[in-house]
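Participant: From first to last, the protein sequence lines stand for chains A and B.
Using the working numbering, read the first sequence as starting at 2 and increasing by one per residue.
Using the working numbering, read the second sequence as starting at 44 and increasing by one per residue.
We put the CB at the ideal spot given by N, CA and C, even for glycine.
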Amino acid sequence: MIEVESLRKTYGDFPAVVGSSFDVDRGEIFGIVGPNGAGKTTTLKMVAGLVEPTAGSATVAGFDASDPEMRRSLGFLPEESPLYEDMTARSYLDFFADLYDVPEDEATERIEGTLDRLELDHRDRRLGDVSKGMKRKVAIARSLVNDPDVLIYDEPASGLDPLTTNYVLEFVRELRDAGKTVLFSAHNLYHVESVCDRVAIMNRGEIVARGTVPEIREEYGTTEYRVFASVPLDGTEPEGDRHVVEVDDMDAVEAVRDRATAAGGEVVDIRTREPSLEEIFLDLAADADPDPRGES
Amino acid sequence: MSGPRDRLRAATRDAREGLRSVARIARWETSRSAGVVDRQTAILGLVALLMAGAVGGAAMATGGVALDRDVYRIGVAADSPYSEVVEESPALAARPPDLDRLGRDVDVVVQQERFYVADSQKARAALSTFRDAVRRHNLGRMREEGNQSAAFPVVVTLRYADRVPSGAVTAGSGSGTGTGAESGTDTDTGSTDATDGDGTGSGTDGGGADTASVGTGGESTGDGPLGVPGVGGVGGLLGGGGTSGSPADISPPFPFGALVLAFVFFIPMNFVIQPYGSTILNERINRRGELLLVAPVSPSAIVAGKTLPYLGLLVGITTLVALAIGGGPVSVAAVVPIATLYLAATFVGGMFARSFKELTFVTVSISVFLTSYAFVPAIFTNVTPIALISPLTLVVHDLQGTGVTAAQYVFSTGPFYVGSAVLFLLGVGVYREEDMFTQRPVPLKFLDALNSRITGLKSVAVLSALAIPFVFIAELLAIAVLFVLPVEVSIPLLLVAVATVEEVAKSVHLYAGFRGPFAGRRGWQTALTLGALSGLGFFLGEKLTAIVQLVGLPNLTLGRAAFSSAGVAATPAVGLLLLFAPLVLHATTTSIASLGATRDRTWYLAALVPAIGVHTAYNLAVVSFLG
Numbered sequence: 002m003i004e005v006e007s008l009r010k011t012y013g014d015f016p017a018v019v020g021s022s023f024d025v026d027r028g029e030i031f032g033i034v035g036p037n038g039a040g041k042t043t044t045l046k047m048v049a050g051l052v053e054p055t056a057g058s059a060t061v062a063g064f065d066a067s068d069p070e071m072r073r074s075l076g077f078l079p080e081e082s083p084l085y086e087d088m089t090a091r092s093y094l095d096f097f098a099d100l101y102d103v104p105e106d107e108a109t110e111r112i113e114g115t116l117d118r119l120e121l122d123h124r125d126r127r128l129g130d131v132s133k134g135m136k137r138k139v140a141i142a143r144s145l146v147n148d149p150d151v152l153i154y155d156e157p158a159s160g161l162d163p164l165t166t167n168y169v170l171e172f173v174r175e176l177r178d179a180g181k182t183v184l185f186s187a188h189n190l191y192h193v194e195s196v197c198d199r200v201a202i203m204n205r206g207e208i209v210a211r212g213t214v215p216e217i218r219e220e221y222g223t224t225e226y227r228v229f230a231s232v233p234l235d236g237t238e239p240e241g242d243r244h245v246v247e248v249d250d251m252d253a254v255e256a257v258r259d260r261a262t263a264a265g266g267e268v269v270d271i272r273t274r275e276p277s278l279e280e281i282f283l284d285l286a287a288d289a290d291p292d293p294r295g296e297s
Numbered sequence: 044m045s046g047p048r049d050r051l052r053a054a055t056r057d058a059r060e061g062l063r064s065v066a067r068i069a070r071w072e073t074s075r076s077a078g079v080v081d082r083q084t085a086i087l088g089l090v091a092l093l094m095a096g097a098v099g100g101a102a103m104a105t106g107g108v109a110l111d112r113d114v115y116r117i118g119v120a121a122d123s124p125y126s127e128v129v130e131e132s133p134a135l136a137a138r139p140p141d142l143d144r145l146g147r148d149v150d151v152v153v154q155q156e157r158f159y160v161a162d163s164q165k166a167r168a169a170l171s172t173f174r175d176a177v178r179r180h181n182l183g184r185m186r187e188e189g190n191q192s193a194a195f196p197v198v199v200t201l202r203y204a205d206r207v208p209s210g211a212v213t214a215g216s217g218s219g220t221g222t223g224a225e226s227g228t229d230t231d232t233g234s235t236d237a238t239d240g241d242g243t244g245s246g247t248d249g250g251g252a253d254t255a256s257v258g259t260g261g262e263s264t265g266d267g268p269l270g271v272p273g274v275g276g277v278g279g280l281l282g283g284g285g286t287s288g289s290p291a292d293i294s295p296p297f298p299f300g301a302l303v304l305a306f307v308f309f310i311p312m313n314f315v316i317q318p319y320g321s322t323i324l325n326e327r328i329n330r331r332g333e334l335l336l337v338a339p340v341s342p343s344a345i346v347a348g349k350t351l352p353y354l355g356l357l358v359g360i361t362t363l364v365a366l367a368i369g370g371g372p373v374s375v376a377a378v379v380p381i382a383t384l385y386l387a388a389t390f391v392g393g394m395f396a397r398s399f400k401e402l403t404f405v406t407v408s409i410s411v412f413l414t415s416y417a418f419v420p421a422i423f424t425n426v427t428p429i430a431l432i433s434p435l436t437l438v439v440h441d442l443q444g445t446g447v448t449a450a451q452y453v454f455s456t457g458p459f460y461v462g463s464a465v466l467f468l469l470g471v472g473v474y475r476e477e478d479m480f481t482q483r484p485v486p487l488k489f490l491d492a493l494n495s496r497i498t499g500l501k502s503v504a505v506l507s508a509l510a511i512p513f514v515f516i517a518e519l520l521a522i523a524v525l526f527v528l529p530v531e532v533s534i535p536l537l538l539v540a541v542a543t544v545e546e547v548a549k550s551v552h553l554y555a556g557f558r559g560p561f562a563g564r565r566g567w568q569t570a571l572t573l574g575a576l577s578g579l580g581f582f583l584g585e586k587l588t589a590i591v592q593l594v595g596l597p598n599l600t601l602g603r604a605a606f607s608s609a610g611v612a613a614t615p616a617v618g619l620l621l622l623f624a625p626l627v628l629h630a631t632t633t634s635i636a637s638l639g640a641t642r643d644r645t646w647y648l649a650a651l652v653p654a655i656g657v658h659t660a661y662n663l664a665v666v667s668f669l670g
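1) By the criterion of Cβ-Cβ separation under 9 Å, what are the contact partners of valine 473/B in chain A?
2) Is glycine 499/B helix, strand or coil when you go by DSSP?
3) Give a yes or no on whether 8 Å exceeds the smallest Cβ distance from serine 341/B to chain D.
4) Spatial neighbours of glycine 639/B within its chain, please: C-beta separation below 8 Å, excluding the five flanking residues on both sides.
5) Quick one: is leucine 45/A near chain B, going by C-beta distance under 8 Å?
6) Would a C-beta distance cut-off of 8 Å place serine 64/B and valine 340/B closer than the cut-off?
7) Suppose contacts are defined by Cβ-Cβ distances below 8 Å. Is phenylalanine 97/A in contact with valine 131/A by that definition?
8) Buried or exposed, going by whether 16 or more other CB atoms sit within 10 Å of the CB of glycine 470/B?
9) Specify, as a first and last residue, the run of the alpha helix (DSSP H) that methionine 2/A falls within.
10) Would you list the residues sitting across from arginine 272/A in a DSSP beta bridge?
11) Over what stretch of residues does the alpha helix (DSSP H) that includes leucine 537/B continue unbroken?
12) Could you please give me the residues that DSSP links to aspartate 155/A through a beta bridge?
13) Can you tell me whether glycine 393/B is buried or exposed, with buried defined as 16 or more other CB within 10 angstroms of its CB?
14) Which residues of chain A have a Cβ atom closer than 8 Å to the Cβ of leucine 336/B, listed in chain order?
15) Could you tell me which chain A residues have their CB closer than 7 Å to the CB of arginine 67/B, listed as they occur along the chain?
16) Could you work out which residue in Arg147/B, Asp113/B, Leu509/B is closest to proline 586/B when comparing CA atoms only?
17) Would you list the one or two residues that DSSP bridges to glutamine 154/B?
18) Exposed or buried, what is lysine 10/A when buried is set at 16 or more other beta-carbons lying within 10 Å of its beta-carbon?
19) Determine, for arginine 75/B, whether the minimum Cβ-Cβ distance to residues of chain A falls below 8 Å.
20) Which chain B residues are close to lysine 85/A, counting only those with a beta carbon under 8 Å from its beta carbon?
21) In whole angstroms, what is the alpha-carbon distance linking phenylalanine 404/B and leucine 351/B?
22) Would a check of beta-carbon distances place glutamate 585/B closer than 8 Å to chain A?
23) Residues of chain A with CB closer than 7 Å to the CB of glutamate 476/B, please, in chain order.
24) Buried or exposed: arginine 644/B, going by 16 or more other Cβ atoms within 10 Å of its Cβ?
25) Going by the beta-carbon positions, is the gap between methionine 1/A and alanine 39/A smaller than 8 Å?
26) Distance check for leucine 437/B and glycine 260/B, CA to CA, integer angstroms please.
27) Output yes if chain B places a C-beta closer than 8 Å to the C-beta of glutamate 280/A; else output no.
28) Shortest alpha-carbon distance to alanine 449/B belongs to which of Ala396/B, Thr406/B, Arg496/B, Ala377/B?
29) So, with DSSP's three-state summary, where would you put arginine 138/B?
30) Could you spell out where the beta strand (DSSP E) holding glycine 32/A opens and where it closes?
31) Put proline 16/A into one of helix, strand or coil per three-state DSSP.
32) I'd like the span of the alpha helix (DSSP H) that includes serine 637/B, first residue to last.
33) Does tryptophan 646/B get closer than 8 Å to chain A when you measure Cβ to Cβ?
34) Is it right to say valine 52/B is buried, meaning 16 or more other beta carbons lie within 10 angstroms of its own, or is it exposed?
35) Do you know offhand how far glutamate 240/A's Cα is from alanine 263/A's?
36) Check distances from the C-beta atoms of the segment 49-79 of chain A to those of chain B and list, in chain order, the residues that come in under 8 Å.
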């Protein structure tokens, strides 16, 4: 549904994005994570056709990203919620429905339905007078007013309270379940890990890892094994009536088993601890080559 | 494979879609803007408008704007033939011919064909006005005569004499139309100006006005012309037909009333551009306009949709104002391009300004500049073709009941229309995410706007050509400003000004390009190629300034000086000779500037100096050749 090939964007002498490539399948939530300034937003904007790439290409729903027709199949949610604050939620959504050529009856039904689903009250209050969370909901509703096949959400939960954040993330899952394709960016790795089917980790303008979370863990992370023995061994820590040691691989687990047996005991439990995406990301960021964009 | 028909169909569909998008955005912009104004404010505004209209209408009903009504008091008996003169002139008010009241309630007293003038500046001005009124009265009576040959036995043809610098005077080769017997007084000759032939039959109307009396009136019979009181000094320069060195030396027929009424058109413009500029800048604040950019609507449609309501409002108000002050379609057609340029300049200002404070500065500057540019030349509506650089002159003509030609309309409004289009084009070029939401300084944004239109070598030539309307406006403004100076000063200054304006216009986009699309090609070959292309584009666009021929601008010394280097000359033969010489000039001087532009700003500015110098030398040579 989305194909990105060697996208590059340079602002003057500064390369914001250095050769990003990835695909997003239909009905998938694809997350792009990275620290501030990694190039996530620039990448999303190039895919949305908002920013012209310096090099490379992006296609969305079969259209080139620069094709205005592509925008009819796209719903875009920027990081901020820039609304026209002198308009009400209804009039704002009506305007965009009109802009996207949605028939009036269909637009009304869709708008009311979406606002009901988002539990948005005060629909006739000026947007300048509503809370940030409500503004975000209106912005999400606006991204759906044309019933797009593809949604590009730039940090949709940014600045929201935990309750609203969970609400938004759940809503994104529902969109995926309804057959939408979602390209999603965040710097909160928990959000990404809990929602996304596949993930790309971006740092300093380039993608440093991509795949499902387990794939990324397997390739870039280290599974830790917590081995519980019945007898104290060198390197173990007491934990209740057992003694635990952490090792990195199965060979080390076998070695602990042998030592326990030799000490007249046994291994009573083995638990694995998978690395979090955050830990993988931090490792990758720390190990990254010098900034290819030339920054220190 | 799509054929022409398919392409046409697709183009038609795209155009229709574009228009629908424009209409949608215009509708939304109208409802948003209307929603900003609450009911109370709208009612107050309407009341103010109605009151202004009532006052204006009352003024029109009672004879229009006449701030000089009944200014001067002339003591004249009711049965005196001069009383009719006083009645005919709105500036004169009749009073009893009481010499005891001279200097207090009365400025001039007419008694038995003698004119008594108080010792004051106002009284002398009153006498001068009274004199003009008598002349007009006499002229009117002469024109009523059945036997015109008897009424005007001497007919004199007016011919403009070339002005000679350094104070030398030519023999009076010009003279006004004769009005027959002049029984005015010639006491002393006062100041003699051989070029003044004022056509009333006397070289000058000399005669100092003393405190008691001035000269004697002529014999006035019941049906003969009235004696015209003499005034001293500059009297000979009054009236029709006198040539002069500059406006400072004459009292031109000043279309005061019409000009004041024409100025009314500007009032709503200065108000409308404020909310328009705000709505443009509002899209850039907090990235509000980002969602419009990602919608299936082009930046051109967005800009057109946002502009249309304000343009419609201005056209509507202009039409109402025209109806109110007695103007017609010509007035409306003349003001609309001014309105579009107001909006276009405000749009660009809104795209470049970084804050509402900057925007306020921009809109005020636009108001001041465009109002001055439109208003000042119109003062000389009845004097010189220079006035036609302002569309307001067309309005004055319309209000005065004198027609305008198609050529005059095109000359006056062309730069405004084309300039508006170019400004909108420039602004739309930066109506994109990369430029709308940055805080780059205005000069850099201007360069970005130029860069957005540089798509290749051909675009360099096109941009040069598109600068022509602004060059035209700048040069015409320079003419209008320098017109008041003596010729020996104004012409050299004008030549330098013209050269500077043109060299900057031809090279600034090259400077921008070397910081944008051509950043990787800063060699001298590229510089010379781009310089030549830019010169070529400018040369081709410059030929359009031949339109000045149609309105007689080259007949003026300054007009000839300004436009001769464009190959516009008083005679076709010389014009042909000069037709291609400018191409060599432009290519050469632009290449010089382009070489400097490849490096940095300092080098660019330094390179402009010799470019301007060469251009000025060329202009000087051409002007000298043309004489």
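Facilitator: Let me spell this out:
1) As a working mapping, residue 473/B is identified with position 430 in the second sequence. What valine 473/B touches in chain A: nothing, since even the nearest Cβ is about 13 Å away.
2) The residue given as residue 499/B occupies position 456 in the second sequence. DSSP places glycine 499/B in coil when its eight states are reduced to three.
3) Considering every chain present, this structure includes no chain D. Its protein chains are A and B.
4) Within the second sequence, the letter at position 596 stands for residue 639/B. Trp646, Tyr647, Leu648, Ala649, Ala650, Leu651.
5) By one-based count along the first sequence, residue 45/A stands at place 44. With its beta carbon at least 8 Å from every one in chain B, leucine 45/A lies outside the interface.
6) Locating residue 64/B in the second sequence gives position 21, counting from the first residue. Locating residue 340/B in the second sequence gives position 297, counting from the first residue. Less than 8 Å separates the beta-carbon of serine 64/B from that of valine 340/B.
7) Here residue 97/A refers to the residue found at position 96 of the first sequence. Here residue 131/A refers to the residue found at position 130 of the first sequence. Their beta carbons are not under 8 Å apart, which means phenylalanine 97/A does not touch valine 131/A by this criterion.
8) Mapped onto the second sequence, residue 470/B falls at position 427. Glycine 470/B should be labelled buried.
9) Counting from one through the first sequence, the residue named residue 2/A turns up at place 1. Note, methionine 2/A: premise wrong, no alpha helix (DSSP H); not H, not E.
10) On the first sequence, residue 272/A is found 271 positions in, with the first residue counted as 1. Partner(s): Arg227/A.
11) For the purposes of this step, residue 537/B is taken as residue 494 along the second sequence, with counting starting at 1. Here the alpha helix (DSSP H) through leucine 537/B covers 530-556.
12) The residue given as residue 155/A occupies position 154 in the first sequence. In the DSSP output, where bridge partners are listed per residue, aspartate 155/A has Ser186/A.
13) Along the second sequence, one-based indexing puts residue 393/B at 350. Burial call: buried.
14) Counted from its first residue, the second sequence places residue 336/B at position 293. Going along chain A in sequence order, the residues near leucine 336/B (Cβ under 8 Å) are Leu51.
15) Residue numbering aside, residue 67/B sits at position 24 when the second sequence is read from its first letter. Residues of chain A passing the Cβ test: Asp99, Leu100.
16) Taking the second sequence and counting its residues from 1, one reaches residue 586/B at position 543. Position check: residue 586/B holds lysine in this sequence, whereas proline was assumed. Considering only alpha carbons, the answer is Leu509/B.
17) The residue given as residue 154/B occupies position 111 in the second sequence. Per DSSP, Arg157/B.
18) Here residue 10/A refers to the residue found at position 9 of the first sequence. Looking at its Cβ environment, which holds 16 or more other Cβ atoms inside 10 Å, lysine 10/A is buried.
19) In the second sequence, counting from the first residue as 1, residue 75/B sits at position 32. Interface with chain A (8 Å Cβ-Cβ cutoff): arginine 75/B is included.
20) Within the first sequence, the letter at position 84 stands for residue 85/A. The identity of residue 85/A in the sequence shown is tyrosine, whereas the question assumes lysine. Per Cβ cutoff of 8 Å: Arg75, Arg331.
21) Within the second sequence, the letter at position 361 stands for residue 404/B. Within the second sequence, the letter at position 308 stands for residue 351/B. Roughly 24 Å between the two C-alpha positions.
22) Here residue 585/B refers to the residue found at position 542 when the second sequence is read from its first residue. It does not; no Cβ of chain A falls within 8 Å.
23) Counting from 1 along the second sequence, the entry for residue 476/B is found at position 433. Lys46, Leu51, Val52, listed in chain order.
24) What you label residue 644/B is simply residue 601 of the second sequence in a count that begins at 1. With fewer than 16 Cβ atoms within 10 Å of its Cβ, arginine 644/B is classed as exposed.
25) The requested residue 1/A is not part of the displayed model; chain A covers only 2 to 297.
26) One-based indexing of the second sequence puts residue 260/B at position 217. One-based indexing of the second sequence puts residue 437/B at position 394. Because glycine 260/B sits at a pLDDT of 41, beneath the cut-off of 50, its placement in the model cannot be relied upon, and the following sentence gives the value as read from the coordinates. Cα to Cα, glycine 260/B sits roughly 41 Å from leucine 437/B.
27) Taking the first residue of the first sequence as position 1, residue 280/A is located at position 279. For glutamate 280/A, the answer is no, since every Cβ of chain B falls outside 8 Å of its Cβ.
28) Along the second sequence, read from residue 1 onward, the residue named residue 449/B stands at position 406. Per the C-alpha coordinates, the member of Ala396/B, Thr406/B, Arg496/B, Ala377/B positioned closest to alanine 449/B is Ala377/B.
29) Residue 138/B sits at position 95 when you count from the first residue of the second sequence. Strand, per DSSP.
30) As a first step, residue 32/A is located in the first sequence; it is residue number 31 there, counting from the start. Per DSSP, glycine 32/A belongs to the beta strand (DSSP E) from 30-34.
31) Working through the first sequence from its first residue, we reach residue 16/A at position 15. Three-state DSSP puts proline 16/A in a strand.
32) Position 594 of the second sequence, counted from the start, is the residue given in the question as residue 637/B. Per DSSP, serine 637/B belongs to the alpha helix (DSSP H) from 624-640.
33) Along the second sequence, read from residue 1 onward, the residue named residue 646/B stands at position 603. By this cut-off, tryptophan 646/B is not an interface position.
34) Working through the second sequence from its first residue, we reach residue 52/B at position 9. In the sequence under discussion, the amino acid at residue 52/B is arginine, which differs from the valine named in the question. Arginine 52/B should be labelled exposed.
35) Here residue 240/A is taken as the residue at index 239 of the first sequence, counted from 1. Here residue 263/A is taken as the residue at index 262 of the first sequence, counted from 1. C-alpha separation (whole angstroms): 21 Å.
36) Ala49, Gly50, Leu51, Val52, Glu53, Pro69, Glu70, Arg72, Arg73, Leu75, Phe77, Pro79
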